[in-house]
Amino acid sequence: MTMALLCTFAAFADEEATELNCEVEVNSDKISNVSRDIFNELKEKVTDYMNTTKWTNAVFSTNEKIYCKLLFTISSWDVNTGQMKGDLQIQSQRPVFNSTYTTTLINFKDAKVDFTFDSGQQLDFSQMEMKDNLTAILNFWAYMIIAIDFDSFELHGGDPYYEEAAQIVRFAQNTTETGWKAFEDNTNRSAVLSAYTDKNTEPIRQILYDYHRMGLDQMAVTVDKGRSTITHSLENLAKIYDVAPLSVCLTMFKDAKLDELINVYSKANVSEKETVYEMLYQLYPSETTRLDEIKKVQNFVSGV
Numbered sequence: 001m002t003m004a005l006l007c008t009f010a011a012f013a014d015e016e017a018t019e020l021n022c023e024v025e026v027n028s029d030k031i032s033n034v035s036r037d038i039f040n041e042l043k044e045k046v047t048d049y050m051n052t053t054k055w056t057n058a059v060f061s062t063n064e065k066i067y068c069k070l071l072f073t074i075s076s077w078d079v080n081t082g083q084m085k086g087d088l089q090i091q092s093q094r095p096v097f098n099s100t101y102t103t104t105l106i107n108f109k110d111a112k113v114d115f116t117f118d119s120g121q122q123l124d125f126s127q128m129e130m131k132d133n134l135t136a137i138l139n140f141w142a143y144m145i146i147a148i149d150f151d152s153f154e155l156h157g158g159d160p161y162y163e164e165a166a167q168i169v170r171f172a173q174n175t176t177e178t179g180w181k182a183f184e185d186n187t188n189r190s191a192v193l194s195a196y197t198d199k200n201t202e203p204i205r206q207i208l209y210d211y212h213r214m215g216l217d218q219m220a221v222t223v224d225k226g227r228s229t230i231t232h233s234l235e236n237l238a239k240i241y242d243v244a245p246l247s248v249c250l251t252m253f254k255d256a257k258l259d260e261l262i263n264v265y266s267k268a269n270v271s272e273k274e275t276v277y278e279m280l281y282q283l284y285p286s287e288t289t290r291l292d293e294i295k296k297v298q299n300f301v302s303g304v
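Per this note's numbering, the sequence shown starts with residue 1, numbered consecutively.
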């Protein structure tokens, strides 16, 4: 496995581990006057499903597992049918070499989550069919988490896992479930997949590699060289904006990286700060207050 070779900080494991170290939370505060048992069971079942399913043929050691978090916020529940509606916040991180710092890869809200879950229901994995909408959503995000993580270690390293996610989207086209069809909106699961696989927005994957493997990972060796690589990687954001200004990948990058960039450039020279500020301001003019921090912050976060 390429990532295992890259992850020199991880020891080889005697037994093959699954890929994800997934923390799951279920917020049901919007549902009143009902027992919380069904939501606790949902949390337990999803946690087990995400962490015990073998998603790939890649070899992982225990300390190479990808840390991720799923936060379900349930806004409605039909006690008779078991139908739940709400949203799902997805987060994932990966370590930065030769440091104690972890960097965020995904921080995204899937705003249209709709599935049926009953007490005693088993969550069964299948690559050959869409068993139900809950497992389809979980499968999709598991593969996107893995694909983006692999892309951050090797250029286009996530290819086979984007294809797995694409297969799930294809299965879902014949259902009435929301969040899967391209025409619904430009921020659903179909749009997220397209953002990372369509030719027009493919530079986001070059950014994933350059920013993380050639930038952050190198900063432990030489801060200035690593930061310079990050600066050049950001130029690809403008290329995406020129052809697809509404692409969800631009928002996903902002939500995952803007606070981190403030820290990365805290010790940069004035010219480099100005360059990065101008690039990002053209893309995210509504973020002026946060972007201003790039130019004035002085305290460097250890490990970045």
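Beta carbons: idealized from backbone N, C-alpha and C, even for Gly.
- Its Cα nearest to that of residue 129, the residue 171 stands out among 61, 156, 147 and 171.
- Contact check for residue 74 and residue 35: beta-carbon distance about 13 Å, past the 8 Å limit, so the pair fails to qualify.
- Under the three-state reduction of DSSP output, residue 190 falls in the helix class.
- Within the same chain, and ignoring the five residues on either side of residue 25 in sequence, the residues whose Cβ sits closer than 8 Å to its Cβ are 43, 69, 70, 71 and 72.
- Shown here for residue 239: same chain residues with a beta carbon closer than 8 Å to its own, the five before and five after excluded, namely 203 in chain order.
- For residue 66, the pairing in a beta bridge is given by DSSP as 20.
- The three-state reading of DSSP puts residue 77 in strand, counting E and B together.
- Contact annotation: the region 249–256 does not touch the region 218–225, with fewer than three C-beta pairs closer than 8 Å.
- The residue from 83, 150, 30 and 139 with its alpha-carbon nearest to that of residue 59 is 150.
- The shortest CA-to-CA distance from residue 214 to any of 200, 201, 230 and 205 is the one to 230.
- Looking at the backbone, the Cα of residue 262 and that of residue 164 are separated by about 34 Å.
- DSSP, read as helix, strand or coil, puts residue 114 in strand.
- Apart from the 5 residues on each side of it in sequence, residue 279 sits with its Cβ closer than 6 Å to the Cβ of 234 in its chain, given in chain order.
- Residue state for residue 108 is assigned as strand, using DSSP reduced to three classes.
- In the DSSP assignment, residue 181 forms no beta bridge with any residue.
- Using a Cβ-Cβ distance cut-off of 8 Å, the region 101–118 and the region 81–90 are in contact, since at least three pairs of beta carbons, one from each stretch, lie closer than that value.
- Using a C-beta cut-off of 8 Å, the region 118–126 makes contact with the region 37–52, since at least three inter-stretch Cβ pairs fall below that distance.
- Short of 7 Å from the beta carbon of residue 217, and not among the five residues preceding or following it, lie these beta carbons of its own chain, in chain order: 96 and 97.
- Beta-bridge pairing by DSSP links residue 90 to 70 and 108.
- Around the beta carbon of residue 274, fewer than 16 other beta carbons sit within 10 angstroms, so the residue counts as exposed.
- The Cβ-Cβ distance between residue 67 and residue 21 falls below 9 Å.
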